[in-house]
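All residue numbers for the sequence shown refer to our numbering, where the first residue is 36 and numbers rise by one. Data block below; observations after.
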Amino acid sequence: MRTLIDPARWPRRLRRFVPPPPPIGHAERWRAAGFALLAILICGLVTHVAAGPALLPWLVASMGAASVIIFAMPNSPVGQPWALLGGQMVSALVGVASLRWLGSWLPIEFVAAVAVALSIAAMLYLRCLHPPGGATALTAVLGGDAVVHLGFGFVWMPVLLNALILLGVALIANNSVRGRRYPLAGTHENPHRTRDPLPTARIGIREEDLAAAMHERGEVVDVSTQELSDIVQRAERHATSRALAELRCGQLMSRDVVTVALGAPAADAWARLRRHRIGAVPVVDPAGRVAGVVSVVDFLKAIETDPQGRLPHQHDPALSVDVLMSRQVVTVTIATAVTELIPLMADRGLHRLPVVDDDGRLAGMVAQSDLIAALARTSAM
Numbered sequence: 036m037r038t039l040i041d042p043a044r045w046p047r048r049l050r051r052f053v054p055p056p057p058p059i060g061h062a063e064r065w066r067a068a069g070f071a072l073l074a075i076l077i078c079g080l081v082t083h084v085a086a087g088p089a090l091l092p093w094l095v096a097s098m099g100a101a102s103v104i105i106f107a108m109p110n111s112p113v114g115q116p117w118a119l120l121g122g123q124m125v126s127a128l129v130g131v132a133s134l135r136w137l138g139s140w141l142p143i144e145f146v147a148a149v150a151v152a153l154s155i156a157a158m159l160y161l162r163c164l165h166p167p168g169g170a171t172a173l174t175a176v177l178g179g180d181a182v183v184h185l186g187f188g189f190v191w192m193p194v195l196l197n198a199l200i201l202l203g204v205a206l207i208a209n210n211s212v213r214g215r216r217y218p219l220a221g222t223h224e225n226p227h228r229t230r231d232p233l234p235t236a237r238i239g240i241r242e243e244d245l246a247a248a249m250h251e252r253g254e255v256v257d258v259s260t261q262e263l264s265d266i267v268q269r270a271e272r273h274a275t276s277r278a279l280a281e282l283r284c285g286q287l288m289s290r291d292v293v294t295v296a297l298g299a300p301a302a303d304a305w306a307r308l309r310r311h312r313i314g315a316v317p318v319v320d321p322a323g324r325v326a327g328v329v330s331v332v333d334f335l336k337a338i339e340t341d342p343q344g345r346l347p348h349q350h351d352p353a354l355s356v357d358v359l360m361s362r363q364v365v366t367v368t369i370a371t372a373v374t375e376l377i378p379l380m381a382d383r384g385l386h387r388l389p390v391v392d393d394d395g396r397l398a399g400m401v402a403q404s405d406l407i408a409a410l411a412r413t414s415a416m
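In structure tokens, the structure reads:
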């Protein structure tokens, strides 16, 4: 049911001034608010204790604005650690210097304007643009006798202490959220530990293309090339999903799966790997559920630890496959869309994935060759 606060009911001229709703759920909105509450509370308590009974400023107002960025927009370039610390410190330094060297012979309004302007320039040159820094520079000029008494000490206490506490809370809180990395990671790490970009980043629009386009704009864009590249890749996957909308893993998978039973001798697993010329076999329990995966790599790792370079079952015939197998297994379901295999196989380097049914029992295996065949068939249509 639409109400008067629904922008869709407003005149078109007014709608231009109303942004679309943020693409986040209610849980994320309240999470950001809760993190900010915790950060400001800790910041205030710690700094107040550190300041002692002296009438010193102990909480800079700009930290409230900084909390909005680092908790509600943790992927923003202006909310990264160097932006937070560098932006706050250089702005405080510029503000104190402006008041000390210009305050005695220029109107305070002019000094405040100069402080904000110079802090912006300094942050841009030092690559630590942080919007709340402008407020910090203004606080240094208009903070009154307490700030004047501190002089350049204002940079360290309370500004730097406030910023360090906020950063500490941000590192713990943001990284506690599943799927979030703070600070923002650079180029995604190649699972094969080479300098090549991930396979999905080698074709189409690349990060250097985005960087060149952003440079052509000649203005600050509040998104990193890494994040923008990730958004573009996700958009491409959604576009591919339309072409593969009805194709599921259950249609691609091989059903005659080579397996080894949980508790079976390691020699049996090695024999099946050699006989079928495959890189890995799933280990299943008596109910048919995937308990792990044992691969050629697992056997090679065991050879490295043996002084004589023997296969693990050669010096211990009773060795169980349970000891060698990897228990952290990535699986997909019969109903999983084929497009979801692309990042798993291309970027994470997974060659084969077990496919499970609704009860979690092994139903088949899907390999990179199956994915290639599906994509090739789609492109030929």
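Glycine included, every Cβ here is placed at the ideal spot set by N, Cα and C.
Label residue i either buried or exposed according to how many other C-beta atoms from any shown protein chain fall within 10 Å of its C-beta, with 16 as the threshold for buried.
i: Val129; result: buried
i: Ala402; result: buried
i: Phe70; result: buried
i: Asp405; result: buried
i: His348; result: buried
i: Ser133; result: buried
i: Tyr160; result: exposed
i: Arg252; result: exposed
i: Asn210; result: exposed
i: Pro167; result: buried
i: Ala171; result: Note that residue 171 corresponds to Thr in the displayed sequence, not to Ala. The residue is buried, with at least 16 neighbouring Cβ atoms inside 10 Å.
i: Pro54; result: exposed
i: Leu76; result: exposed
i: Gln343; result: exposed
i: Phe52; result: exposed
i: Trp93; result: buried
i: Val332; result: exposed
i: Ile104; result: buried
Do you know how far the Cα of residue j is from the Cα of residue i?
i: Ile59; j: Asp244; result: 28 Å
i: Pro23; j: Ile266; result: This structure does not reach residue 23, given that the chain is present from 36 up to 416, and the question cannot be answered.
i: Leu72; j: Cys78; result: 10 Å
i: Met400; j: Arg215; result: 30 Å
i: Ala322; j: Ala353; result: 23 Å
i: Asn197; j: Gln363; result: 41 Å
i: Pro56; j: Thr294; result: 49 Å
i: Ile407; j: Asp382; result: 14 Å
i: Gln261; j: Ala296; result: 43 Å
i: Leu195; j: Val81; result: 13 Å
i: Tyr217; j: Thr374; result: 27 Å
i: Pro183; j: Met124; result: The residue asked about is misnamed: residue 183 is Val in this sequence, not Pro. Each residue's alpha carbon lies about 17 Å from the other.
i: Met36; j: Arg290; result: Summary for Met36: the model assigns pLDDT 45, below 50, so the residue's position carries little reliability, and this model does not support an answer.
i: Arg324; j: Gly314; result: 20 Å
i: Arg213; j: Ile143; result: 48 Å
i: Trp140; j: Pro109; result: 42 Å
i: Arg387; j: Met380; result: 8 Å
i: Ala370; j: Pro112; result: 38 Å
i: Trp305; j: His273; result: 40 Å
i: Val95; j: Gly203; result: 17 Å
i: Leu119; j: Leu376; result: 37 Å
i: Ala301; j: Gln268; result: 41 Å
i: Glu63; j: Ala107; result: 8 Å
i: Ala127; j: Leu206; result: 23 Å
i: Gly179; j: Cys163; result: 27 Å
i: Ser361; j: Ser97; result: 49 Å
i: Ile155; j: Gly169; result: 7 Å
Let me know the secondary structure DSSP gives residue i once reduced to three states.
i: Pro193; result: helix
i: Arg383; result: coil
i: Arg162; result: coil
i: Ser289; result: strand
i: Met36; result: Annotation note: pLDDT 45 at Met36 (below 50); position unreliable, coordinate value reported separately. In the structure shown, Met36 sits in coil (DSSP, three-state: anything other than H, G, I, E or B).
i: Val212; result: coil
i: Gly203; result: helix
i: Ala353; result: coil
i: Thr366; result: coil
i: Met124; result: helix
i: Leu73; result: helix
i: Gly60; result: coil
i: Gly178; result: coil
i: His142; result: Correcting the residue type first, residue 142 is Pro in the shown sequence and not His. Looking at Pro142 - three-state DSSP - the assignment turns out to be coil, as it is neither helix nor strand.
i: Arg241; result: coil
i: Arg396; result: strand
i: Pro55; result: coil
i: Pro218; result: coil
i: Leu282; result: coil
To the nearest whole angstrom, what separates the beta carbons of residue i and residue j, a pair I think is in contact under 8 Å?
i: His83; j: Gly122; result: Their Cβ separation, rounded to whole angstroms, is 23 Å, which puts His83 and Gly122 out of contact at 8 Å.
i: Ala157; j: Leu173; result: Going by Cβ atoms, the distance from Ala157 to Leu173 rounds to 14 Å, so no, they are not a contact pair.
i: Leu385; j: Val391; result: In fact, because the Cβ distance is near 15 Å, the residues do not count as touching under 8 Å.
i: Phe189; j: Ala175; result: 6 Å
i: Ser102; j: Ala74; result: 6 Å
Please tell me whether residue i has its Cβ less than 9 Å away from any Cβ of chain D.
i: Gly168; result: No chain D appears in the structure shown, which is made up of a single protein chain.
Residue ranges of each beta strand (DSSP E) run of no fewer than 3 residues wholly in the segment 291-344, ordered along the chain? Here the runs fully enclosed are 315-319 and 325-330.
In chain order, each beta strand (DSSP E) run of at least 3 residues that lies wholly inside the segment 88-120: You should have found no qualifying run.
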